[in-house]
Amino acid sequence: MRVAIVFHSLSGNTRRVAELLAARLAGTVDADLVEVRDRFQYSTLTAYAVGAPRALRGEAAEIEPGAIDVGDDDVVVLGSPVWAFAPTPAANGAVAALRGIDGKEAVVYVTSGGGPGSAAGLLGAALEARGARVRGAVAFDRKDLENEAALGELAALVTRPPSGG
Ligand SMILES: Cc1cc2nc3c(=O)[nH]c(=O)nc-3n(C[C@H](O)[C@H](O)[C@H](O)COP(=O)(O)O)c2cc1C
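Following my numbering, the numbering of the sequence shown begins with 1 at its first residue and continues without gaps.
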């Protein structure tokens with residue numbers, strides 16, 4: 001089973017969850033970590049002043065890499081920090097950059113300061129608009145990234161048998 005774990009992370013929390021998930025899946029799943037970067041280089045100040053309003057508007061950023069081929073993957077995991085109760089512009093950019101996503105099974109996770117708002121739902125809806133079938137979403141609090149229940153739930157969503165149809 002092949003899984004792409006695609007994520008954006010400005011301060012490392014969302015990356016940390018991607019790494020913990022990959023470690024947990026090791027042995028059963030061939031997991032590939034794909035970190036996307038916003039071509040606009042945010043500082044903490046500009047993340048709040050520029051990035052949060054963009055996130056609120058649902059904008060998709062120009063990212064590196066510009067295309068992410070998931071055609072050979074069985075499941076696509078998409079992880080985003082929460083900015084202004086929404087996915088980051090780079091995470092929206094990652095959704096737009098996916099190639100071969102139509103008809104794929106997908107799983108979403110977000111990391112936040114405790115107020116995730118609609119971020120996971122918005123990210124799932126964006127994936128479904130690209131033709132993915134979203135199995136579910138898990139929200140992590142940045143103070144508890146190693147939360148056993150949340151990591152277990154995320155891993156179970158990834159390894160669950162395909163829904164078919
Ligand atoms: C610009 C900005 C906006 C944020 N907005 C929210 C928010 O609406 N709700 C929340 O709970 N945390 C918010 N946070 C905190 C982040 O979601 C949290 O620290 C997240 O884990 C960061 O992920 P990262 O380390 O992968 O970049 C915000 C952080 C930044 C930088």
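Just so it is clear, CB atoms sit at the ideal spot from N, CA and C, and this is done for glycine as well.
- Inside the stretch 102-143, DSSP marks whole alpha helix (DSSP H) runs of 4 or more residues at positions 119-129, from first to last along the chain.
- Ranked by Cα distance from residue 87, the options 9, 46, 135 and 30 are led by 9.
- Taking each of 21, 44, 20 and 157 in turn and checking the Cα distance to residue 105, the smallest one comes out for 157.
- The C-alpha of residue 7 is placed about 20 Å away from the C-alpha of residue 57.
- Leaving aside the five residues that flank residue 39 on each side, the residues in its chain whose CB is nearer than 8 Å to its CB run, in chain order, 61, 62, 63 and 64.
- About 6 Å separates the beta carbon of residue 72 from that of residue 2, a gap short enough to meet the 8 Å contact definition.
- Taking residue 159 as reference, the option from 28, 118 and 139 with the minimal CA-CA separation is 28.
- Within 10 angstroms of the beta-carbon of residue 152 lie fewer than 16 other beta-carbons, which makes it exposed.
- Nearest to residue 4 by C-alpha distance, out of 126, 18 and 51, is 18.
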